[in-house]
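All remarks here apply to the structure that follows.
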Amino acid sequence: MKTKAKKSSEQAKDIKIEMWLHKNAAIVFYALLGVFVLFSGLYFNARVSITGDDSTYIPRAINFWDSGTYPSYQGPFYPMVLSLVVGLFGMKLLVLKVSSTIFMMAAFVLLYKTFKDKVLYTTLFFTVGVLSVSHYFLSFSSQTFSEPLFMLLQGAFFLYMCKNIEQEESKGWRLSKREGVQLGMIVLFGVLMFITRTVGFGAMLAALVYFLANKQFKRAVYLAVGFAVLIMLLVGIRSAVWDLPVKSGEQTSQLLNKHPYDSSQGREDFSGFLQRFKDNSNLYLSKHFMRIIGFRSSEKNTINPLLTVALYLIFLLGVFWFFKRNKALFFTAVYLAIMLGVTFFSLQKLWDQYRLIIPFVPFVILFLVSTIVRIVQVSKISLLMKLIPVFLCLSIVLTFKKDVKTIEISTLTKNLKGDKFAGFTPDWVSYLQMVDFVSKNLKEENTYVACRKPNIARIYGKGRKFYGIYRIPESSPEELLQLLKHKGVTHVMLASLRKNPKVFTGQTINTVRRYMYAITKKYPHTFRLIKQFGDKEPTYLFEIDYSMKNPVKGEIINKK
740 MKTKAKKSSE QAKDIKIEMW LHKNAAIVFY ALLGVFVLFS GLYFNARVSI TGDDSTYIPR
800 AINFWDSGTY PSYQGPFYPM VLSLVVGLFG MKLLVLKVSS TIFMMAAFVL LYKTFKDKVL
860 YTTLFFTVGV LSVSHYFLSF SSQTFSEPLF MLLQGAFFLY MCKNIEQEES KGWRLSKREG
920 VQLGMIVLFG VLMFITRTVG FGAMLAALVY FLANKQFKRA VYLAVGFAVL IMLLVGIRSA
980 VWDLPVKSGE QTSQLLNKHP YDSSQGREDF SGFLQRFKDN SNLYLSKHFM RIIGFRSSEK
1040 NTINPLLTVA LYLIFLLGVF WFFKRNKALF FTAVYLAIML GVTFFSLQKL WDQYRLIIPF
1100 VPFVILFLVS TIVRIVQVSK ISLLMKLIPV FLCLSIVLTF KKDVKTIEIS TLTKNLKGDK
1160 FAGFTPDWVS YLQMVDFVSK NLKEENTYVA CRKPNIARIY GKGRKFYGIY RIPESSPEEL
1220 LQLLKHKGVT HVMLASLRKN PKVFTGQTIN TVRRYMYAIT KKYPHTFRLI KQFGDKEPTY
1280 LFEIDYSMKN PVKGEIINKK
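Position 164 of the sequence shown, counting from 1, maps to 903 under our numbering, and the rest follow consecutively.
Structure, rendered in structure tokens:
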């Protein structure tokens, strides 16, 4: 009797917490939104990422605004949206970054608006609580990656999808006005997700799978037709305005190769894709996901296959439990299975970047925690019922404690006051100093400088265009030199950018160095040194003499 009374007391306590959160939901949410905004500011990074991925969108936005050049290769929609910011404010890095803050805030609000009254407030507020203090998540509030816009579109897609699935399907093939509007918005935001990031195609696939699984064939047909019509319309506009082919196979080719940048290794086979799924599952679930929710140090790079299996088992239990009991959570499971499945199967292991799953992390947290809470409630095991709130609180505390150490107020203050070199390692300081020198001392109409990371150089070079050397073609020295001449390149920047950004090991990204070395082996008087910044990790500026009369400083250019 005492045991039953004790269990009833604990259940009542859980109910009281849930009821209190339900009653004060608005106050709690706006408090967490305030925390979200506060930490977005504290984690704000006024510099571009040295990976260069985020900086690629800005030049495409500028080109689209200035000359109408279609932003191909990566999803075109984000550069198009950024181009509006460029048109209104010019190429101001800080303003472009603040646009990401606005997108993230809007996505945060949509997440709450979508799931309130559809899941336990305990799990919903835990999810938004973790996101409100997580540096891994909030760092995107100040980066010009496509993820913030994608999350905003994803939030709108989920909002209309959940509204639709909560309503009964109208009889016959005629749609009610409400159904038509909802399905139209689902298609619209699904298409926008697709043209923002290619993986966004999975959103429409998830909606179709959900409708078919629930035998809502009319909605599935309307959704498929609407998506196909809108895509064909966009392709037609692109072909008519920009005279571009229907598709480009460059990204697809990279994904099908065993190595994205070395086609000589051949194509991936079926077993290779299965291995990718296994490797990526371990990397993104047992390493990156656990870092995001506070239970793993960023210094530990090992994987834990048992933890990965445990997370998959919890997920499968959730699918089984919510299939008939919670439409919103079941659709979330379908969406995650497709989005993460595509990501894990398609990407090579070497990418290993947590940003590739960051848009889906809020849903992963919400679904897994909802499943765990339900398992505990059904089991009615006293100890587990006590541990759940401890686990949830511990996750938020650990996330806050670990991530708050990354705050760099002094660096942010210097950047905002105009010190664009503050916060960079010495290799990048010398690189940016050289970019600054080039933009101030070489007339753009007469010179064209080749370098690694040309998009970063363009942003810090006040919009000046740089020629990018990303790889070395299998060509003769004459052909390599001719390629530079054909492109109009007059100078080359040779930087000492670290292979390991965090530690100086002496190893650098040596693509430009090897390109120059291949030429100087046969034509040793091609490059003339005219400027240097930095000593230990220097950046050099060479002028190209296509007549090959000037001497070269031989100890600078070598294989290493």
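Every residue, glycine too, gets a C-beta built ideally from N, C-alpha and C.
- Put simply, the segment 927–935 does not touch the segment 909–916. Fewer than three CB pairs are less than 8 Å apart.
- Looking at the DSSP output, His1230 sits in a beta bridge with Val1188 and Glu1282.
- Shown here for Thr808: same chain residues with a beta carbon closer than 6 Å to its own, the five before and five after excluded, namely Asn802 in chain order.
- The alpha-carbon of Leu891 is positioned some 21 Å away from that of Leu962.
- The straight-line gap separating the alpha-carbon atoms of Ser811 and Lys1140 is approximately 41 Å.
- The beta carbons of Leu1268 and Met1173 sit about 12 Å from each other, so the pair does not count as a contact at 8 Å.
- Burial of Ala942 is indicated by the presence of at least 16 other C-beta atoms within 10 angstroms of its C-beta.
- The DSSP-derived three-state label of Leu888 is helix.
- The Cβ atoms of Val1188 and Val1177 sit closer than 7 Å to each other.
- Taking 8 Å as the upper bound for CB-CB distance, Pro1216 and Tyr1262 are in contact here, some 6 Å apart.
- Annotation: the continuous alpha helix (DSSP H) that includes Arg977 extends over Phe956 to Trp981.
- For the pair Phe854 and Pro1165, the Cα-to-Cα distance works out to about 46 Å.
- In the three-state reduction of the DSSP assignment, Thr840 falls in the helix class.
- Straight-line spacing of the CA atoms in Val926 and Phe966 works out to 6 Å.
- Runs of the alpha helix (DSSP H) lying entirely within the segment 1142–1223, each at least 4 residues long, are 1148–1155, 1165–1180 and 1193–1199 in chain order.
- The C-beta distance from Ala959 to Leu951 rounds to 5 Å, short enough to fall under 8 Å.
- The three-state secondary structure of Ile1096, taken from DSSP, is coil.
- Straight through space, the alpha carbons of Leu944 and Lys1063 are spaced by roughly 20 Å.
- The DSSP-derived three-state label of Arg913 is coil.
- For Gln1271, the uninterrupted beta strand (DSSP E) run begins and ends at Phe1266 to Phe1272, by DSSP.
- When only Cα atoms are considered, Phe783 and Phe1083 end up about 30 Å apart.
- Rounded to whole angstroms, the gap between the alpha carbons of Gln921 and Ser909 is 13 Å.
- Taking Val968 as reference, the option from Leu947, Pro1240, Gly923 and His874 with the minimal CA-CA separation is Gly923.
- Runs of the alpha helix (DSSP H) spanning 4 or more residues and lying entirely within the segment 1006–1061 occur at 1009–1020 and 1044–1061, in chain order.
- Of all alpha-carbon atoms in Ser806, Leu1222 and Phe1272, the one lying nearest the alpha-carbon of Val980 is that of Ser806.
- DSSP places Asn802 within a helical segment (H, G or I) once states are collapsed to three.
- Boundaries of the alpha helix (DSSP H) around Met1255: Thr1250 to Thr1259.
- Beta-carbon to beta-carbon, Ile1135 and Val869 are separated by about 6 Å, close enough to satisfy the 8 Å threshold.
- Secondary structure of Asn953 (DSSP, three-state): coil.
- Between Phe889 and Pro1098, the C-beta gap is smaller than 7 Å, which places the two residues in contact.
- Shown here for Lys1066: same chain residues with a beta carbon closer than 7 Å to its own, the five before and five after excluded, namely Ile904 and Glu905 in chain order.
- Per DSSP, the continuous alpha helix (DSSP H) segment holding Met1078 begins and ends at Lys1066 to Ser1085.
- Straight across, the Cα-Cα distance linking Lys1260 with Gly1227 is about 22 Å.
- Excluding its 5 nearest sequence neighbours in each direction, Val1081 has C-beta neighbours in its own chain below 6 Å: Val938 and Gly941, listed in chain order.
- Partner residues in the beta bridge of Arg1237, as assigned by DSSP, are Thr1247.
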